[in-house]
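Engineer:
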């Protein structure tokens with residue numbers, strides 16, 4: 001997608017620090033995800049990674065959890081209206 005600048009906000013301080021190479025990824029089942037994320041981040045010219053506590057991103061967390069529960073095939077689509085009151 002040729003994204004030159006990317007801001008990433010995560011609610012896991014551990015994952016943010018792992019991506020910043022401050023911490024090592026020790027769980028074997030998470031290493032492939034870390035490698036994929038690192039490869040994707042390397043494709044951007046400028047990347048910032050910041051921790052955002054879960055209490056400050058409840059809406060984003062709910063949407064991420066909802067997206068994780070939707071198991072769609074490649075040809076399926078779902079229209080999901082989202083509004084903020």
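In the working numbering, the protein residues as written are 1 to 85. Positions of the beta carbon are idealized from the N, C-alpha and C atoms, including for glycine.
(1) Verify whether the separation of the beta carbon atoms of residue 37 and residue 63 is less than 9 Å.
(2) Spatial neighbours of residue 16 within its chain, please: C-beta separation below 6 Å, excluding the five flanking residues on both sides.
(3) Going by the beta-carbon positions, is the gap between residue 47 and residue 76 smaller than 9 Å?
(4) Mind checking which residues open and close the beta strand (DSSP E) that includes residue 19?
(5) Would DSSP call residue 51 helix, strand or coil?
Structural biologist: So, to answer that:
(1) Not a contact, by the Cβ cut-off of 9 Å.
(2) The answer, listed in chain order, is 10, 49 and 51.
(3) No, Cβ-Cβ distance for residue 47 and residue 76 is not below 9 Å.
(4) Per DSSP, residue 19 belongs to no beta strand (DSSP E); it is in the alpha helix (DSSP H), 13–19.
(5) Residue 51: strand per DSSP, three-state reduction.
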